[in-house]
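2 protein chains.
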Amino acid sequence: MNFLEQKILADGVVKPGNVLKVDSFLNHQIDIRLMQKIGEEFKRRFADVQFNKVLTIEASGIAIAAFIAYLNDVPVVFAKKGQTVNSTDDKYVAKAYSFTHKKFNDIFVSRPYLKPTDKILIVDDFLADGEASKALIDLVKQAGAELVGVGIAIEKGMQPGGAKLRAAGVRLESIAIVDSMDPETGFIKFREQ
Amino acid sequence: MNFLEQKILADGVVKPGNVLKVDSFLNHQIDIRLMQKIGEEFKRRFADVQFNKVLTIEASGIAIAAFIAYLNDVPVVFAKKGQTVNSTDDKYVAKAYSFTHKKFNDIFVSRPYLKPTDKILIVDDFLADGEASKALIDLVKQAGAELVGVGIAIEKGMQPGGAKLRAAGVRLESIAIVDSMDPETGFIKFREQ
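One line per chain: the protein sequences are G and F, in this order.
Per full-length UniProt numbering, the very first residue in the first sequence carries number 1; after that it's consecutive.
Per full-length UniProt numbering, the very first residue in the second sequence carries number 1; after that it's consecutive.
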């Protein structure tokens, strides 16, 4: 069992409706040493590929992206949701369905920050149905950039996102893959890796 | 002139409507070495105070918070905007007026992540009218926690947020304070510190 699986067992909470609550260390309160370990683990797993930019999506992907980017000395770009007054640039826009919010969200990256010459590592905190990852990959493709891989902290293996990405030939590395969980007992089964 | 002022002069863009666009290095694409330097500068400026938690607000505050938290080995908590299905805890909620989006936004932190015993350093990328900082301070007060200071990367000194916080006795440290800027010429005047 790796460090992240141990942390999930210790501090994650299984809730009804297929919810794994990890906001005490990952996506509301952030355990910074854990982020560092996640960054180091991504560095190890993606040691054989080269990338010059880490792409994620606001908000909870940013802390994870910061450490792998720091370790490889490359910038982070985070895709934004919705529109802002200060963002008048031409954008790459993709649609992601949010099962949490039950609607399609536009996500975008301003064109100057994704270039055809870029080699992109996508990272995010969660992969479930794969909508966010799919939309981020869409942005990379629109820019004509190269996707070198997708690094995920926690994959919910009982949802189809991971299987779809792997079937599409994407190099996907998930540090912890939850294959089942039980809100009654709190039991969490991780996939052997 | 410090490292952040130099970076703003090199890569910031002054736009009409009092907008300083820094999304090439701070709040869309993120220059990770710059975040590290901002973290180190906060560590230096707040060396005389003790804090056990860094509080910021999603999304662009997170990368800044990550490095000062890393250097002091404390967790980050980021306040969220709006509501999510997965966040059913009791919350501390405060209102912040967004001049960008021209509306009041609720921001919140789940109660377990702000405690009466916490000593909190608030950090954010920008301080202009001070609405976000004021709302974050409100959350700290609601929790009965202690505010030790507010660290800002870029303060827009011609807007009233900084003056209001200082008048209220808040220990405010802004790495770069822009006192005026001209969209015609791109000229940016920084306050002497």
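Ideal Cβ positions, reconstructed from N, Cα and C, are used throughout, including at glycine.
- Annotation: residue 60 of chain G is outside any beta strand (DSSP E) and is labelled neither H nor E by DSSP.
- Here residue 125 of chain F is near residue 27 of chain F, since their CB atoms are less than 8 Å apart.
- According to the DSSP assignment, residue 140 of chain F belongs to the alpha helix (DSSP H) that extends over 131-142.
- Taking residue 16 of chain G as the centre and dropping the five residues before and after it, the same chain places the C-beta of 183 closer than 6 Å to its C-beta, in chain order.
- Not flagged as an interface residue toward chain F: residue 97 of chain G, since no C-beta distance is shorter than 8 Å.
- Taking residue 41 of chain F as reference, the option from F:152, F:164, F:157 and F:185 with the minimal CA-CA separation is F:152.
- Interface flag for residue 16 of chain G against chain F is unset, since no Cβ pair is found closer than 8 Å.
- For residue 29 of chain F, the pairing in a beta bridge is given by DSSP as G:77.
- Contact annotation: the region 130-150 of chain F touches the region 106-116 of chain F, with at least three C-beta pairs closer than 8 Å.
- Per DSSP, reduced to three states, the secondary structure at residue 71 of chain F is helical.
- Assigned with DSSP and collapsed to three states, residue 153 of chain G falls in strand.
- Per DSSP, reduced to three states, the secondary structure at residue 3 of chain F is helical.
- Around the beta carbon of residue 56 of chain G, 16 or more other beta carbons sit within 10 angstroms, so the residue counts as buried.
- Counting only residues of its own chain and dropping the five nearest sequence neighbours on each side, residue 47 of chain G has no CB closer than 8 Å to any other CB.
- Within the same chain, 14 come within 7 Å of residue 186 of chain F by CB-CB distance, once the 5 residues on both sides are set aside.
- Judged by DSSP in its simplified three-state form, residue 35 of chain G adopts helix.
- When secondary structure is reduced to three states using DSSP, residue 104 of chain F falls in the strand class.
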